[in-house]
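Visitor: The opening residue of the sequence shown carries number 1 in UniProt numbering; numbering runs sequentially from there.
No residue lacks a Cβ here, since even glycine has one placed at the ideal position from N, Cα and C.
This structure is in structure tokens; I'll ask about it shortly.
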Amino acid sequence: KVPRTCRNFMALCTGERGRGRFTRVPLHYKGCPFHRIIKGFMAQGGDFSRRNGMGGESIYGERFEDEAAGLSMRHDVPGLLSMANSGPNTNSSQFFITFDEAPHLDGKHVVFGKVVKGMEVVQQMEEVQTDQNDRPARPVSIANSGILRHSQPRAQGPGMFA
């Protein structure tokens, strides 16, 4: 359902695309922080260039367009992965993981995946203390990233990333 969004996320997980044309930093989530955590809502990360929510880059260039199928998916359960954006067609590398349902995001953010293993880690992230700007008081980051290739069950639904 959302092949371009999934391809972008997977390539940023592996780092296979080298350096960004705009940011000049590796297009890779390894070591990338979650710069914003809001209890009961979501954790946002994916800004590997500025590391504060003001940067990032997609594998297609600075930004890429929304995929309609992803906009039609609902934010109705915890553990969904969606693209963070600053308005229509402004997807880059930033994404968020929901802690609860978030219907106010429906139609505004492309849903492209679901956490299928490790929700206990997501729940631990939700409990991290934050400052008045929702920044974690202690670092929360992606230690490493890549693609696991084995025969575990995939997430339900076409286009869902497991």
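Skipping 5 residues on each side, what residues in its chain have a beta carbon closer than 6 Å to that of A102?
Guide: As a first step, residue 102 is located in the sequence shown; it is residue number 102 there, counting from the start. Within the same chain, A102 has close Cβ partners H75.
Visitor: Run through the segment 118 to 146 for me and flag every whole alpha helix (DSSP H) of 4 or more residues, listed as ranges in chain order.
Guide: Fully enclosed alpha helix (DSSP H) runs of 4 or longer: 119 to 126.
Visitor: Quick check on the DSSP output: what are the complete alpha helix (DSSP H) runs of length 4 or more inside the segment 14 to 100, in order along the chain?
Guide: The qualifying runs are 68 to 71.
Visitor: For the beta strand (DSSP E) holding K114, just list the boundary residues, first then last.
Guide: Looking up residue 114 in the sequence shown gives position 114. Where K114 is concerned, the enclosing beta strand (DSSP E) stretches over V111 to K114.
Visitor: Use the C-beta contact count for S72: other C-beta atoms within 10 angstroms, 16 or more gives buried, fewer gives exposed.
Guide: Numbered from 1 along the sequence shown, position 72 holds the residue referred to as residue 72. Exposed, by the Cβ-count rule.
Visitor: Only counting the same chain, and skipping five residues up and downstream in sequence, which positions put a Cβ closer than 8 Å to that of D134?
Guide: Residue numbering aside, residue 134 sits at position 134 when the sequence shown is read from its first letter. Only R36, I37 and I38 meet the Cβ criterion.
Visitor: Note down, in chain order, each residue of its chain lying with its Cβ closer than 7 Å to the Cβ of residue 164, except the 5 sequence neighbours on either side.
Guide: A question about residue 164 goes unanswered here, because the residues of the chain that appear run from 1 up to 162.
Visitor: In this structure, does DSSP put L12 in helix, strand or coil?
Guide: Here residue 12 refers to the residue found at position 12 when the sequence shown is read from its first residue. Helix at L12.
Visitor: Measuring alpha carbon to alpha carbon, tell me which of R51, V128 and T5 ends up nearest A137.
Guide: As a working mapping, residue 137 is identified with position 137 in the sequence shown. Cα-wise, what sits closest to A137 is V128.
Visitor: I'd like to know whether the C-beta atoms of N91 and S58 end up nearer to each other than 8 Å.
Guide: The residue you call residue 91 lines up with position 91 of the sequence shown. The residue you call residue 58 lines up with position 58 of the sequence shown. Contact: yes.
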